[in-house]
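Student: Okay, handing you the structure first.
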Amino acid sequence: MENNNLKTAFRNLKKDRTFSLLNLFGLTLALICSITILLWIREQNSIDNFHENGDNLFIVYENMHVEGAINSSYRTQGILAGPLKDKIPEIQEASSVAWLKDEPDKATFELNHKQYQFETIYADSNYLKILRYPLVTGNPNAVLSSAESICISEDMARAVFGDAKKALGQVINYDGKKDLKITGVFKNLPKEASQRFDCIINWATFLQENDWAKDWGNVGTNTLVLLKKTADPKLTAKKIKHFVDSYVKPDKHYSITLGMQRFGDSYLHDKFENGKISGGKIQYVHLFRLIAIFIMVIASINFVNLSTARAMNRFKATAVRKIIGASRRALILNYLTEAFILSLLAAIIALIAVAALLPGFNQLTGSHSYLPVKDPIFWIKLIVLVFVTTLAAGLYPAIMTTSIKPISFLQKTLTVNKSSLLFRKGLVVFQFVLANFLIAGTLIIFQQIRYIHHLDLGFDRNNLIELPVTSNIAHKYEVFKNKALQINGVQSISKMGENPTSVGSMTFGVVWPGKNPNDKILFNNSAIGYDFVKTLKLHLKAGRDFSKAYPSDTVGYLINEAAQKVMGLEKAVGQPINYWGHQGTIIGVLKDFHFSSLHDPIKPIIFYYGEDKDWGNILIRAEPSKTKAVLTGLESIYKNLTGGAEFTYTFSDDDFNRMYQKEQLLSRLSGYFSFIAIFISCLGLLGLVISTANQRTKEIGIRKILGARLRSILNILLKEFAMLIIIAIVIATPLCFYLMQKWLGGYAYRINIQWWVFLIAGCICVIIAIVTVGYQTLKAAHANPVDSLRSE
100 MENNNLKTAF
110 RNLKKDRTFS
120 LLNLFGLTLA
130 LICSITILLW
140 IREQNSIDNF
150 HENGDNLFIV
160 YENMHVEGAI
170 NSSYRTQGIL
180 AGPLKDKIPE
190 IQEASSVAWL
200 KDEPDKATFE
210 LNHKQYQFET
220 IYADSNYLKI
230 LRYPLVTGNP
240 NAVLSSAESI
250 CISEDMARAV
260 FGDAKKALGQ
270 VINYDGKKDL
280 KITGVFKNLP
290 KEASQRFDCI
300 INWATFLQEN
310 DWAKDWGNVG
320 TNTLVLLKKT
330 ADPKLTAKKI
340 KHFVDSYVKP
350 DKHYSITLGM
360 QRFGDSYLHD
370 KFENGKISGG
380 KIQYVHLFRL
390 IAIFIMVIAS
400 INFVNLSTAR
410 AMNRFKATAV
420 RKIIGASRRA
430 LILNYLTEAF
440 ILSLLAAIIA
450 LIAVAALLPG
460 FNQLTGSHSY
470 LPVKDPIFWI
480 KLIVLVFVTT
490 LAAGLYPAIM
500 TTSIKPISFL
510 QKTLTVNKSS
520 LLFRKGLVVF
530 QFVLANFLIA
540 GTLIIFQQIR
550 YIHHLDLGFD
560 RNNLIELPVT
570 SNIAHKYEVF
580 KNKALQINGV
590 QSISKMGENP
600 TSVGSMTFGV
610 VWPGKNPNDK
620 ILFNNSAIGY
630 DFVKTLKLHL
640 KAGRDFSKAY
650 PSDTVGYLIN
660 EAAQKVMGLE
670 KAVGQPINYW
680 GHQGTIIGVL
690 KDFHFSSLHD
700 PIKPIIFYYG
710 EDKDWGNILI
720 RAEPSKTKAV
730 LTGLESIYKN
740 LTGGAEFTYT
750 FSDDDFNRMY
760 QKEQLLSRLS
770 GYFSFIAIFI
780 SCLGLLGLVI
790 STANQRTKEI
800 GIRKILGARL
810 RSILNILLKE
820 FAMLIIIAIV
830 IATPLCFYLM
840 QKWLGGYAYR
850 INIQWWVFLI
860 AGCICVIIAI
870 VTVGYQTLKA
880 AHANPVDSLR
890 SE
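Every number in our numbering is 99 more than the matching position in the sequence shown, counting from 1.
Okay, structure coming up:
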């Protein structure tokens, strides 16, 4: 019986090749998109979720309550871990880390007069006890146990020593400051690790270099805790909430509370609202999961419309089979078998295509997705997807076709039920609602990304080269600067403690005359060198830049307009100011510029003298047409001064673009998926047109005999289907407007949604639909009316 069912299914599919290929193509395309998206989602969900103690591993976040506002982040005090472990019995281990949620340091190491640069983080001896990265060599209990210890990766060990096992016990110089002993070599980090680094230096070294991290009033590092297996995370979170009160006295203006989040969740759920976890990258995961569902729904609707479109040609065969005794159950099974065969073929072709496309997709998205062929869960999900697709796409056509009574066909009274036709039209409307939504949404996302890239940041990020200040150049900065200024094409050079597009350091330690001692006002801050304003092409509202001509500038400060406003100073230049206990004078006020994400408004910032600092970035302003020559000259000078050390640099505009990688990815992928969605929708529309044209063949023939022109015959069907598309546009437009307004609400600087966006999206849908409908209508209109009326 089953064998006969398969033969019948293959015979029917072969007989209706055009419909079968259209269905197969639509399903395959949808499955390629959906499987690719689901593999990406799988990879995103796996990040930081590979740790052995993942269920008990938490990261601490901190809420600063300042004048009624709450500033939340993963940045905590550098001395928080020890007291937490000592005073909270539920905590088994606690570790301080820098930088777990920020870019690692680019440190310079030297061995046998040869220099290397590696990505470096800092952590105490509990770090590897908590995360348990496997060691190639070394004692897990002794790693990072002394102030002069370092643990390195396999890759770093091979690069420096040639063999991981030879590295243990070796001494390597760190940043020209101190010698460190290698106490362990850990296996290279898995791809699922969100933070990438080559080595871990003991926490004592970090505290020696960063006095600010020893103060309970300063935050910036991260804290990890491992709970005991018997501990209740909710109860522990309540216990640590006001833990800092013992060290930083709260008042009605300012207080600090702590919270805990499972570390494996912190990659995707990394945004805060009112002191609580609220969204983050997970929003993009939800969005693309929804797009995958949309595309599969569109493909299933397309299958339904194409299958029902050819039902008229199969009514006779179905009627005959019923007359000779075939049960309705057997007929439905036959239709479902056809749908299953198409779904299975589509899945097989899609898997082959996905395997071929994944490398390009990974490069586009910066991910590491792969086909988990050894994972039985993946195959179970794929089989379920095939069966669900079979039922969603094949069940309705099967029920509709087999519900026809044989007598209706034999008496030639067979008509298509109005409710059935209305249902299929509703499916087409639903398809185009989704397609129109994707098109309009993509246009709005593209506009916002374009707005971000063309927004005047208040400084010129183009042709601005950033060179990290490492130990091998820090004490030769003056020589480097003088030589670099002689390169043809170098306009100016300065220095900055942070990145111009993402200043993250914050402080409450700014005091000025008239400030209420109870007020807690948060300032961003950064060290800068001479010619900072000139190099970034900033605009001064009042005062001047740091200059060698004024020796007193070593205790001078620059502030922005936002800082002047919160300080309430009508004339800020010349006013005394105290920063971290250092008394000085405001020498200039900068017009507001964007030094962090455009998701946030411009905040107060203070710049202090940092020409002599041995950290941060050297900023080089190059002439637009001479950037390549400037880089060649800079590399030559750098290597001559550092004995051939690696010359690494970035461009400020590249740093800026990296801040919005998620939005750029969303824009590109939405564009691709919108095209696919509209294409598959047109296949479904084509099915409905063919069905309608077949039902009205005699009507069209009679109209032609009575003298109807081609234009009037075209209008018959075009009006009907144009109305369906217009209904879809009317439904999709307010829905898209509402949801995109919510998305744009995450930006402090954003576009206003324009009416013409929905007009363009609607026109695209209408034009594509008219082309699809028009072709099939012309085919029906040009048919010989004698053929359609021969039996009358």
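Ideal Cβ placement from N, Cα and C applies to all residues, glycine included.
Between which two residues does the alpha helix (DSSP H) containing Tyr-576 stretch?
Tutor: For this step, residue 576 is matched to residue 477 along the sequence shown. Where Tyr-576 is concerned, the enclosing alpha helix (DSSP H) stretches over 576-583.
Student: Roughly how far, in whole angstroms, is the beta-carbon of Leu-121 from the beta-carbon of Leu-782, given that I think they are within contact range, below 8 Å?
Tutor: The residue given as residue 121 occupies position 22 in the sequence shown. The residue given as residue 782 occupies position 683 in the sequence shown. Contact holds; Cβ gap of about 6 Å.
Student: In three-state DSSP terms, what is Arg-757?
Tutor: Translated into the one-based positions of the sequence shown, residue 757 becomes position 658. Here Arg-757 sits in helix by DSSP.
Student: Below 6 Å CB to CB, which residues in the same chain sit around Asn-581 once its five sequence neighbours on both sides are set aside?
Tutor: In the sequence shown, the residue the question calls residue 581 occupies position 482. Excluding residues within five positions, none has a Cβ falling inside 6 Å.
Student: Between the Cα of Asn-598 and those of Ser-426, Gln-585 and Ile-627, spot the shortest distance and give me the residue it belongs to.
Tutor: Mapped onto the sequence shown, residue 598 falls at position 499. Comparing Cα-Cα distances from Asn-598 to each of Ser-426, Gln-585 and Ile-627, the minimum goes to Ile-627.
Student: Is Lys-633 a contact residue of the ligand SAM, with contact defined as CB to any heavy atom under 7 Å?
Tutor: The model on display carries no ligand, and the ligand SAM is accordingly not part of it.
Student: Could you compute how far the alpha carbon of Asn-851 sits from the alpha carbon of Asp-699?
Tutor: As a working note, residue 851 is residue 752 in the sequence shown. As a working note, residue 699 is residue 600 in the sequence shown. In a straight line, the C-alpha of Asn-851 is about 17 Å away from that of Asp-699.
Student: Say whether the segment 192-202 touches the segment 320-331, bearing in mind that this needs 3 or more beta-carbon pairs closer than 8 Å, one atom from each stretch.
Tutor: Yes: the two stretches touch, three or more of their Cβ pairs being nearer than 8 Å.
Student: Just curious, the beta strand (DSSP E) that Ile-206 is in, first and last residue?
Tutor: Numbered from 1 along the sequence shown, position 107 holds the residue referred to as residue 206. According to the sequence displayed, residue 206 carries Ala and not Ile. Where Ala-206 is concerned, the enclosing beta strand (DSSP E) stretches over 204-210.
Student: Is it true that the CB of Leu-267 sits closer than 8 Å to the CB of Tyr-273?
Tutor: Residue mapping note: residue 273 aligns to position 174 of the sequence shown, counting from 1. Residue mapping note: residue 267 aligns to position 168 of the sequence shown, counting from 1. Not a contact, by the Cβ cut-off of 8 Å.
Student: CA-CA distance, Ser-119 and Leu-817?
Tutor: In the sequence shown, counting from the first residue as 1, residue 119 sits at position 20. In the sequence shown, counting from the first residue as 1, residue 817 sits at position 718. C-alpha separation (whole angstroms): 25 Å.
Student: Quick one: using the 10 Å Cβ neighbour count with 16 as the cut-off for buried, is Val-347 buried or exposed?
Tutor: By one-based count along the sequence shown, residue 347 stands at place 248. So Val-347 counts as exposed.
Student: Going straight from the alpha carbon of Glu-891 to that of Ala-821, what length do you get?
Tutor: Locating residue 891 in the sequence shown gives position 792, where the first residue counts as 1. Locating residue 821 in the sequence shown gives position 722, where the first residue counts as 1. Bear in mind that the predicted position of Glu-891 carries a pLDDT of just 49, short of 50, making it too unreliable to give a figure here.
Student: What is the residue span of the beta strand (DSSP E) that Glu-161 lies within?
Tutor: Counting from one through the sequence shown, the residue named residue 161 turns up at place 62. Here the beta strand (DSSP E) through Glu-161 covers 156-165.
Student: Below 8 Å between beta carbons: does that hold for Ile-586 and Phe-750?
Tutor: Here residue 586 refers to the residue found at position 487 when the sequence shown is read from its first residue. Here residue 750 refers to the residue found at position 651 when the sequence shown is read from its first residue. No, the Cβ-Cβ distance between Ile-586 and Phe-750 is not below 8 Å.
Student: Do Val-898 and Lys-286 have their C-beta atoms closer together than 8 Å?
Tutor: There is no way to answer for residue 898, as the model of the chain reaches only from 100 to 891.
Student: Apply the 10 Å Cβ neighbour rule to Trp-478 and answer buried if 16 or more other Cβ atoms are within range, or exposed otherwise.
Tutor: Here residue 478 corresponds to residue number 379 of the sequence shown, with the count starting at 1. So Trp-478 counts as exposed.
Student: Rounded C-beta distance between Leu-470 and Val-453? I'm assuming under 8 Å.
Tutor: Residue 470 sits at position 371 when you count from the first residue of the sequence shown. Residue 453 sits at position 354 when you count from the first residue of the sequence shown. Between Val-453 and Leu-470 the Cβ distance is about 7 Å, and since that is below 8 Å, they are a contact.
Student: Buried or exposed: Ser-224, going by 16 or more other Cβ atoms within 10 Å of its Cβ?
Tutor: As a working mapping, residue 224 is identified with position 125 in the sequence shown. Under this definition Ser-224 is a buried residue.
Student: Which same chain residues, not among the five before or five after Glu-901, have their C-beta less than 6 Å away from its C-beta?
Tutor: A query on residue 901 cannot be resolved here, the shown segment of the chain reaching from 100 to 891 and no further.
Student: Taking the C-alpha atoms as reference points, what is the distance between Met-900 and Val-527?
Tutor: Within the shown structure, residues of the chain are numbered from 100 to 891, placing residue 900 beyond reach of any answer.
Student: Is the segment 393-406 touching the segment 765-776 in the sense that three or more CB pairs, one from each, lie closer than 8 Å?
Tutor: Because the criterion of three Cβ pairs below 8 Å is met, the segment 765-776 and the segment 393-406 touch.
Student: Just how far apart, CA to CA, sit Gly-709 and Leu-533?
Tutor: Working through the sequence shown from its first residue, we reach residue 709 at position 610. Working through the sequence shown from its first residue, we reach residue 533 at position 434. Cα to Cα, the separation comes out at about 55 Å.
Student: Is it the case that the Cβ atoms of Arg-560 and Thr-634 are separated by a distance below 8 Å?
Tutor: The sequence position of residue 560 within the sequence shown is 461, counting from 1. The sequence position of residue 634 within the sequence shown is 535, counting from 1. Result no, Cβ atoms of Arg-560 and Thr-634 do not sit closer than 8 Å.
Student: Using a Cβ-Cβ cut-off of 8 Å (strictly less than) and excluding sequence neighbours within five positions of Leu-183, which residues of its own chain qualify?
Tutor: The residue given as residue 183 occupies position 84 in the sequence shown. So the list reads Val-159, Ile-190, Ala-193, Thr-322, Val-324, Ile-339 and Phe-342, once near-sequence residues are dropped.
Student: Check for me: the beta strand (DSSP E) holding Pro-675 runs from which residue to which?
Tutor: In the sequence shown, counting from the first residue as 1, residue 675 sits at position 576. Where Pro-675 is concerned, the enclosing beta strand (DSSP E) stretches over 675-678.
Student: Could you tell me the distance, in whole angstroms, from the CA atom of Ile-551 to the CA atom of Leu-621?
Tutor: The residue labelled residue 551 in the question sits at position 452 within the sequence shown. The residue labelled residue 621 in the question sits at position 522 within the sequence shown. Their backbone Cα atoms lie some 26 Å apart in a straight line.
Student: Suppose you measure from the CA of Ile-801 to the CA of Ser-811; what does that come to, to the nearest Å?
Tutor: By one-based count along the sequence shown, residue 801 stands at place 702. By one-based count along the sequence shown, residue 811 stands at place 712. Rounded to the nearest angstrom, the two C-alpha atoms are 13 Å apart.
Student: Tell whether a beta-carbon distance below 8 Å holds between Val-485 and Ala-446.
Tutor: Here residue 485 corresponds to residue number 386 of the sequence shown, with the count starting at 1. Here residue 446 corresponds to residue number 347 of the sequence shown, with the count starting at 1. The answer is yes: Cβ separation under 8 Å.
Student: Could you name the residues of the same chain whose beta carbon sits closer than 7 Å to that of Met-100, not counting the 5 residues immediately before and after it, in chain order?
Tutor: Numbered from its first residue, the sequence shown carries residue 100 at position 1. Low per-residue confidence applies at Met-100: pLDDT is 46, beneath 50, and the placement is therefore not dependable, though the value from the model is reported in the following sentence. Excluding sequence neighbours, Met-100 sits near nothing in its chain.
Student: Could you compute how far the alpha carbon of Arg-427 sits from the alpha carbon of Ile-498?
Tutor: Residue 427 sits at position 328 when you count from the first residue of the sequence shown. Residue 498 sits at position 399 when you count from the first residue of the sequence shown. Whole-angstrom Cα-Cα distance: 9 Å.
Student: Please confirm if the segment 646-661 is in contact with the segment 676-691, defined as three or more CB-CB distances below 8 Å between the two stretches.
Tutor: Touching, per the Cβ criterion.
Student: Are the beta-carbon atoms of Gln-214 and Asn-739 separated by less than 8 Å?
Tutor: The sequence position of residue 214 within the sequence shown is 115, counting from 1. The sequence position of residue 739 within the sequence shown is 640, counting from 1. It is not a contact, given that the beta carbons lie outside the stated cut-off.
Student: Give the range of the alpha helix (DSSP H) segment to which Val-235 is assigned.
Tutor: As a position in the sequence shown, residue 235 is number 136, starting the count at 1. First-last for Val-235: 234-237, but that is the beta strand (DSSP E), not the alpha helix (DSSP H).
Student: Classify Thr-600 as helix, strand or coil using the three-state DSSP reduction.
Tutor: Walking along the sequence shown from the start, residue 600 turns up at place 501. Looking at Thr-600 - three-state DSSP - the assignment turns out to be coil, as it is neither helix nor strand.
Student: CB-CB under 7 Å to Met-839, same chain, minus the five flanking residues each way: which ones, in chain order?
Tutor: The residue you call residue 839 lines up with position 740 of the sequence shown. Around Met-839: Gly-540, Ile-543 and Ile-852.
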